[in-house]
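Trainee:
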Amino acid sequence: MGALISTVLLVLEPLTDFAFLWLEWPGISAAYFFRGAVGGSTVAGIAISWIVNALSYGLGAFVILSAFRVLRDA
Numbered sequence: 876m877g878a879l880i881s882t883v884l885l886v887l888e889p890l891t892d893f894a895f896l897w898l899e900w901p902g903i904s905a906a907y908f909f910r911g912a913v914g915g916s917t918v919a920g921i922a923i924s925w926i927v928n929a930l931s932y933g934l935g936a937f938v939i940l941s942a943f944r945v946l947r948d949a
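For the sequence shown, this note's numbering assigns the number 876 to the initial residue and increments by one for each residue that follows.
#1: How would you write the range of the alpha helix (DSSP H) that Ala878 sits in, first residue to last?
#2: Distance check for Ala949 and Tyr907, CA to CA, integer angstroms please.
#3: Hey, could you find the ends of the alpha helix (DSSP H) Ser931 is sitting in?
#4: Alpha carbon to alpha carbon, how far is Tyr932 from Ile923? Give it in angstroms, no decimals.
#5: Return the chain-ordered list of same chain residues with a C-beta closer than 7 Å to the C-beta of Ala905, the five sequence neighbours on each side being excluded.
#6: Apart from the five residues on each side of it in sequence, which residues of its chain come closer than 6 Å, Cβ to Cβ, to Ala878?
#7: Are the beta-carbon atoms of Leu898 and Leu885 separated by less than 7 Å?
Structure representation (structure tokens):
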């Protein structure tokens with residue numbers, strides 16, 4: 876789920892010429908801090924950004940879906 880959301884954010888930016896920076900902020904922050912540690916490669920920065928966004932949005936989706944399940948079972 877998180878990987879899908881992160882991929883959509885990554886693909887929408889060049890297609891729409893509009894940056895969803897408020898949605899991409901966790902990954903962009905991680906890429907900014909850790910990209911230097913991997914040699915400053917742009918591809919590595921994009922990969923770090925995609926992975927961090929996938930993890931953060933995947934965790935968010937898991938929490939929301941778990942809350943719905945608990946509410947439904949209650």
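For glycine and all other residues, C-beta sits at the position ideal for the given N, C-alpha and C.
Mentor: Concretely, from the data shown:
#1: Gly877 to Thr891
#2: 43 Å
#3: Thr917 to Asp948
#4: 14 Å
#5: Ile923, Ser924 and Val927
#6: Ala929
#7: no
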